[in-house]
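Single-structure report; data block below.
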Amino acid sequence: MTRVGLALWLLVLALCVRGWGGERWNHEVAVVDYYAKYTWKPPDKTGRRVVKACFDAVQALGLKPEWVDPDIFLPSRIAESRQFKRIVIPPHAEWFSQTMHEGMNDYVLSGGLLITNASCVLLDANDNYMVDPDDRMTDYPRKHFLGVLGHSGASIERLKVLHACPLTNGVSLGEWLDFERPPSGRKTKTTGATVVITSTFVAREHRGEQPLLTFKHSGRGACVYLVPPIAADAGPPFPRLVENLFSGAVLEWLCLQE
0 MTRVGLALWL LVLALCVRGW GGERWNHEVA VVDYYAKYTW KPPDKTGRRV
50 VKACFDAVQA LGLKPEWVDP DIFLPSRIAE SRQFKRIVIP PHAEWFSQTM
100 HEGMNDYVLS GGLLITNASC VLLDANDNYM VDPDDRMTDY PRKHFLGVLG
150 HSGASIERLK VLHACPLTNG VSLGEWLDFE RPPSGRKTKT TGATVVITST
200 FVAREHRGEQ PLLTFKHSGR GACVYLVPPI AADAGPPFPR LVENLFSGAV
250 LEWLCLQE
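According to numbering that gives the first Met the number 0, the sequence shown holds residues 0 to 257 in order.
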């Protein structure tokens, strides 16, 4: 290879690493506008309200969230996704394509902080942005970047912090705390993620204990899974947990963004 050829090859490699020349990690947070792409019949009006509430809750923290559509995780959008220090997947955003799931994994590996209220267990198998008979369950997220399995619904009654860390800063360690207004969420079990907060739940007539807040570190980044919606009106100490989740301390603790 000539010197010119070698120089060109190194330039292309550098552009790939840098996201094709785009500035990396210079935007604070994006929220996935799930219904900008995905559709139901009949339309999921409740889901749209939940997604908007998630955006509003992030904004209420004093941040300036930006909307992105689910295609942010496609290979063609790598440069754009790497601009965001954090990307939030709101509740109800359950169906994604295999390519999108792989893009989520790549985002985390590259240093991004993926914050999700959805367990992403459902696969848009034919990439048509619709829920139809071809779709099915998938274990890719839990085996790679997520580390939990969430399904069906539950009411969360109490929480207990298991580990003192930036995610739990300001909340009592090792003490059961009641929610003023029990939030809802998925029945959840860990499949590799670290549980920092546990909880008690009620699902139909069944009671038990399950994770409330987990993280899984992969590569240079991490995925954090919060069972109750970010916008849940659960009373103390939940607002503090949400504030911690979007803090600079958590970002520095879990991610290496250069």
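In this text, a Cβ means the ideal position worked out from N, Cα and C, and glycines have one as well.
Close Cβ partners of Leu211 (< 7 angstroms) along its chain, the five nearest in sequence each way excluded: Against the sequence shown, residue 211 aligns to sequence position 212. The answer, listed in chain order, is Ile155, Leu158, Ile196, Thr197, Ser198 and Val226.
Going by alpha carbons, who is nearest to Ala230 out of Glu22, Lys44, Asp32 and Leu60? Numbered from 1 along the sequence shown, position 231 holds the residue referred to as residue 230. For Ala230, the nearest C-alpha among the options comes from Leu60.
Buried or exposed for Leu113, going by 16 or more other Cβ atoms inside 10 Å? Translated into positions along the sequence shown, residue 113 becomes position 114. Leu113 should be labelled buried.
Length of the line joining the Cα atoms of Phe95 and Leu250: Within the sequence shown, the letter at position 96 stands for residue 95. Within the sequence shown, the letter at position 251 stands for residue 250. If I take the Cα positions, the gap works out to 25 angstroms.
Sorted by chain position, which residues of the same chain lie with C-beta nearer than 6 angstroms to Pro24's C-beta, five sequence neighbours on each side aside? Numbered from 1 along the sequence shown, position 25 holds the residue referred to as residue 24. A small correction: the amino acid at residue 24 is Trp; Pro does not occupy that position in the sequence shown. Same-chain partners within the cutoff: Lys84 and Gln256.
So Cys222 is in the beta strand (DSSP E); what residue range does that whole segment cover? Position 223 of the sequence shown holds residue 222. Start and end: Gly220 to Leu225.
What are the start and end residues of the alpha helix (DSSP H) that includes Ile77? Stepping through the sequence shown from its first residue, residue 77 is reached at position 78. Element bounds for Ile77: Ile77 to Ser80.
Enumerate in chain order the residues of its own chain whose CB-to-CB distance from Gly247 is below 6 angstroms, with the five nearest sequence positions on each side excluded. Start at 1 with the first residue of the sequence shown, and residue 247 comes out as number 248. For Gly247, where only same-chain residues beyond five positions count, there are no Cβ hits under 6 angstroms.
Would you kindly check if the distance between the Cβ of Pro69 and the Cβ of Lys36 is under 7 angstroms? Along the sequence shown, read from residue 1 onward, the residue named residue 36 stands at position 37. Along the sequence shown, read from residue 1 onward, the residue named residue 69 stands at position 70. Remark: C-beta atoms of Lys36 and Pro69 approach each other more closely than 7 angstroms.
Tell me, which residues are paired with Ala153 by DSSP? The residue labelled residue 153 in the question sits at position 154 within the sequence shown. Ala153 has Gly184 as its beta-bridge partners, per DSSP.
In terms of alpha-carbon separation, which member of Glu79, Cys53, Asp32 and Tyr106 lies closest to Trp66? On the sequence shown, position 67 is the one that residue 66 refers to. Distances from the alpha-carbon of Trp66 to those of Glu79, Cys53, Asp32 and Tyr106 put Asp32 closest.
Using the three-state DSSP reduction, which class does Gly247 fall into: helix, strand or coil? Reading the sequence shown from its first residue, position 248 is the one you call residue 247. Secondary structure of Gly247 (DSSP, three-state): helix.
Would a check of beta-carbon distances place Pro182 closer than 7 angstroms to chain C? The displayed structure is made up of one protein chain only, and chain C is not part of it.
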